[in-house]
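Written below as structure tokens is the structure these notes are about.
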Amino acid sequence: MFQPLQRGALVSAYRNPYYCRAFFSLSETQTYHERKILPYRPSDLYQIVADVKSYPNFLPYCTGSRVLNRSEREDGAVLMEAELTIAFLTLRESYMSSVTCKPCESVQAVASTSTLFKTLNSVWRFQPASPNSPHPSEIPLSRAAGTSSDDGPTLVTLDIEFAFANPMHAAVSAKVFGQVSQLLVKSFEARCLAVYGPGCR
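Residue 1320 is where the sequence shown starts when you use my numbering, and the numbers rise one by one after that.
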């Protein structure tokens, strides 16, 4: 529950330029970037993220997911309209998300009807990588002689862009969402391990 500010406290806040800038900057767009090498094929990692209906099984704060429409473009990209439900702290919301899946390459989700967020976008990308690349997973990496880059490992990148519509929501949720990209990658890695095992060695 949010505690209302007393009138005097609110007036004092508005008279303090530093406080005002800090408070209202919380509703500005925040961006986060994570990258990691995982010992799986790009196609396998793509399948995990493209499986939108399974998000509640492994993504933090996602409590519901329904794919309402699905179509395929001529270039092979898969388009979905999904209803996602998120819950954290005292906040809960269901919103529509437009998802574009480029097989074995990327999955992009853009929130279209959120009242909690004025911006909420995410992009997962998958690229063949060398075991010697500089962003190691906790899972050991190696590649047998004669195997191709399609066999793994894969460089996974996640870019998140979000802005709360209400500065009060931003203030309450700042600590949680400041770590969300790391939590997503960690949960994604655990999901891969559960579905595929330890991966290429």
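Glycine included, C-beta positions come from ideal geometry on N, C-alpha and C.
### Task
Helix, strand or coil for ALA1484, going by three-state DSSP, please let me know.
coil
### Task
Return the residue from the list SER1373, GLU1347 and TYR1380 that minimises the CA-CA distance to LEU1502.
TYR1380
### Query
Around the Cβ of THR1434, are there at least 16 other Cβ atoms within 10 angstroms (buried) or fewer (exposed)?
exposed
### Simplified DSSP state of TYR1351, which is helix, strand or coil
strand
#### Entry: Continuous beta strand (DSSP E) stretch holding LYS1505: start and end
Premise fails: LYS1505 lies in the alpha helix (DSSP H), 1499-1515, not in any beta strand (DSSP E).
### Message
Just to confirm my understanding: we take LEU1410, look at its own chain, exclude 5 residues before and 5 after, and list those with CB closer than 8 Å. What are they?
### Response
LEU1435, HIS1488, VAL1491 and SER1492
### Query
Just how far apart, CA to CA, sit SER1449 and ASN1485?
Their backbone Cα atoms lie some 43 Å apart in a straight line.
### Task
Run the CB neighbour count on VAL1386, radius 10 Å, all protein chains shown included, and call it buried at 16 or more, exposed below.
exposed
#### Entry: Residue environment, SER1521, which counts as buried when at least 16 other CB atoms sit within 10 Å
Since the first and last residues shown for the chain are 1320 and 1520, residue 1521 lies out of range.
### Query
Helix, strand or coil: how does DSSP classify PHE1377 here?
Residue state, collapsed to three classes: coil.
#### Entry: Closest Cα partner of PHE1445 within the set GLY1471, ALA1428 and VAL1429
GLY1471
#### Entry: Distance between GLY1516 and CYS1384 (C-alpha atoms, nearest Å)
Checking the displayed sequence, the identity of residue 1384 turns out to be Ser instead of Cys. Each residue's Cα considered, the two are about 25 Å apart.
### Task
List the whole-angstrom C-beta distance separating THR1382 from ALA1401, where the pair is believed to meet the contact cut-off of C-beta under 8 Å.
In fact, because the Cβ distance is near 14 Å, the residues do not count as touching under 8 Å.
### Query
What whole-angstrom Cβ distance do SER1500 and ILE1479 have, given they're in contact under 8 Å?
5 Å
### Message
Taking the beta strand (DSSP E) that ALA1428 belongs to, which residues open and close that run?
### Response
Residues 1425-1430.
#### Entry: Rounded straight-line distance, which links the Cα of LYS1494 to that of LYS1510
Per the sequence shown, the amino acid found at residue 1510 is Arg instead of Lys. So the two alpha carbons sit approximately 24 Å from each other.
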